[in-house]
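Taken in sequence, the protein lines are chains A and B. Residue numbering for the first sequence follows our numbering, beginning at 1207 and increasing consecutively. Residue numbering for the second sequence follows our numbering, beginning at 1207 and increasing consecutively. The beta carbon of each residue, even a glycine, is placed where N, CA and C say it ideally should be. Small disclaimer: the values here were computed from a predicted structure and weren't measured. Structure record follows, encoded as structure tokens.
2 protein chains.
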Amino acid sequence: MSILFRQLTICGVGLIGGSLALTARKHGLVERIVGLGRTPANLDIAVSRGLIDLATLDAAQAARGADLVMLATPVMTFPSTLAAMVPYLPRDTVVTDVGSVKRWVVEQLEPLLKPSMSFVGVHPIAGKETSGAGAAEETLFANRRVIVTPSATSNPGAVEKIETLWRATGARVERMAPQVHDAILARASHLPQIVASALASALAEENVEGRWAAEFGAGGLRDTTRIAASPPEMWRDICLTNRDAIEQALKLYRDWSGRFEDAVRAGDGDALKQLFERGRRMRERIG
Amino acid sequence: MSILFRQLTICGVGLIGGSLALTARKHGLVERIVGLGRTPANLDIAVSRGLIDLATLDAAQAARGADLVMLATPVMTFPSTLAAMVPYLPRDTVVTDVGSVKRWVVEQLEPLLKPSMSFVGVHPIAGKETSGAGAAEETLFANRRVIVTPSATSNPGAVEKIETLWRATGARVERMAPQVHDAILARASHLPQIVASALASALAEENVEGRWAAEFGAGGLRDTTRIAASPPEMWRDICLTNRDAIEQALKLYRDWSGRFEDAVRAGDGDALKQLFERGRRMRERIG
């Protein structure tokens, strides 16, 4: 493959940004990688692992010479991070991100760009329990979905180059509108998180005759609440930035939960069996 | 250990009943084990694995000589199974079970017994994806909780013997009232099941612009819906036989889910962070 960008600046060289850096380097898709961070500790690891060529805590230094900027910090910090860099960026810089909501990001970031710049939103649906530059690995995205969400003003050439970059990771790259992405992820990712966290919250202090009920749960309770251990700040931000779609997803869940509740209250065995069967079919379909 | 019962008759020699048989035999806690089933196939496996000495499809034959009867079929079949055996049971027979609801079982079974008999309810909180006599294993209950739920009329001596039998499996045996058991399990087991199944049901046919949303879920969706693949008939029966406690648990969940929903709608970052933190603390506590 040939060079796509001369300088990639990654803001937040963590699991996602660091893993992408490994692929970009291996295939020679970028000449130089700069890492922008808040503290030296993680950047030191990124340098020592060869993920980046230069580490900096300074937005201006990170911006200079970057024809590709990748925002890989928590989503709500994107606007301030980008705003600090824009004055120092080359005029045709492409800005991309790896955030898990897309419409909000487009709405917030595009007004910050100069007219000659272009934003191309991306959401790599990949993650692990681990984080930071030390956790980065080249195979993280293999066979995972990476959603590219061009806006009305994204430069088509820039979109192509970003897709080429991500395809090199072995991911399944797919294109869709930002609001379609957000509606899908609200259902497939944000809803399960809230359901798991609400279940964990409900049981947090639930005692029966002096016994903590959750202690009597087995593998089912553990599986169903596993993702409730995810970082609260990250999920707060997702809820704040994908509010409308999440509200719709919660309403969908409430409707179906209500059908189970009605069937329990009515002691309706046929309805219960049908509902549990519907759930089982869906579960078998996702594998 | 010394002999507790001369003849144990297990109705339904599956994962739970079969595993208990292995322990009872190993420690010489029963002299003879009879298996009652509906079809020969599973009983043949039970005989060939040495779980039982005699296999029968006949309730009368299974009943004769049994000073301990263990009901290990689906809960809602307990009354008819026991009723068919009672006329042929010795007068002091102890009847026990392994069902996952307890108050309903006590209420249904005790009226069927002769005054000299005694019922001792038990719920071993253990399970695997597998089932049947072929899946039985001696270590299934090691370090698992086994809840013994004596009723007002359970014979204290019989309760002791049942507890001794279960302790031999390496389980943590605990005693509580049937309705306390049911309230705890409604929260720790039945609620997660309904939450997982309702989530799976909600997403079963949910498309966004022609794409099936659930296909874009990652590990989080898979974990959270894993137990939705459980047998619908079993969960229908649990919902029908532990209705009141499950209704309470669903209400508890609805309250907390509503707090998440209110915070999303209000865009209340502080409330969201606190809610996700509460969920995370609970999840870390169950490990």
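It is roughly 46 Å from the alpha-carbon of A1247/A to the alpha-carbon of R1378/B. Rounded to the nearest whole angstrom, the CA to CA distance from A1392/B to D1264/A is 54 Å. A1477/B: member of the alpha helix (DSSP H) spanning G1475 to I1492, first to last residue. Around the C-beta of G1416/A, fewer than 16 other C-beta atoms lie within 10 Å, and the residue is accordingly described as exposed. Around the beta-carbon of S1357/B, 16 or more other beta-carbon atoms lie within 10 Å, marking it buried. Around the C-beta of K1308/A, 16 or more other C-beta atoms lie within 10 Å, and the residue is accordingly described as buried.
For G1423/A, the nearest CB of chain B lies under 7 Å from its own CB, placing it at the interface with that chain.
The C-alpha of V1326/B lies about 41 Å from the C-alpha of G1425/B. The residues S1225 and A1332, in chain order, have a CB closer than 6 Å to that of L1346/B in the same chain once the five nearest residues on each side in sequence are set aside. Between L1481/B and S1407/A, the CB-CB gap stays under 7 Å. For G1218/A, the closest alpha carbon among the candidates I1239/A, V1300/A, T1245/A and T1279/A is that of T1279/A.
Note on the region 1281–1335 of chain A: whole beta strand (DSSP E) runs with a minimum of 3 residues are 1300–1303 and 1324–1331, in chain order. If you draw a straight line from the Cα of A1404/B to the Cα of K1320/A, it is about 47 Å long.
V1236/B is bridged by DSSP to F1211/B. A straight line joining the alpha-carbon of R1491/A with that of R1428/B spans about 11 Å.
Residues of chain A with a Cβ closer than 8 Å to the Cβ of L1446/B are, in chain order, G1473, G1475 and L1478.
In this structure, V1386/A is the residue among V1386/A, E1439/A and T1430/A with its C-alpha nearest to the C-alpha of D1450/A. For P1438/B, the nearest CB of chain A lies under 7 Å from its own CB, placing it at the interface with that chain. With a threshold of 16 other beta carbon atoms within 10 Å, D1476/A falls short and is exposed. When 9 Å is used as the limit between beta carbons, A1389/A is near these residues of chain B: V1414, E1415 and A1419, in chain order. In this structure, V1253/B lies near A1261/B, with their beta-carbon atoms less than 7 Å apart. Looking at the DSSP output, P1356/A sits in a beta bridge with V1326/A.
Looking at the DSSP output, A1261/B sits in a beta bridge with G1241/B. For G1241/A, the closest C-alpha among the options H1329/A, G1338/A and E1369/A is that of G1338/A. Here E1411/B is exposed: its Cβ has fewer than 16 other Cβ atoms, across all protein chains shown, within 10 Å. Contact with chain A is found for D1429/B, since one of that chain's Cβ atoms lies less than 7 Å from the residue's Cβ.
Of the candidates G1340/B, E1343/B and V1301/B, V1301/B places its Cα closest to the Cα of T1355/B.
Beta-bridge partners of C1217/A (DSSP): L1242/A and L1277/A. Contacts with chain A at 7 Å (Cβ-Cβ) do not include V1304/B. Of the candidates I1452/B, I1239/B and H1233/B, I1239/B places its Cα closest to the Cα of I1216/B. In the structure shown, E1415/A falls within a coil segment according to DSSP collapsed to helix, strand and coil. DSSP lists V1352/B as the beta-bridge partner residues of V1379/B. Between A1377/B and chain A, the shortest Cβ-Cβ separation is not below 7 Å.
Separation of L1446/A and E1467/A (C-alpha to C-alpha, rounded to the nearest whole angstrom) is 29 Å. Between F1422/A and I1452/B, the C-beta gap is not smaller than 7 Å, which leaves the two residues out of contact.
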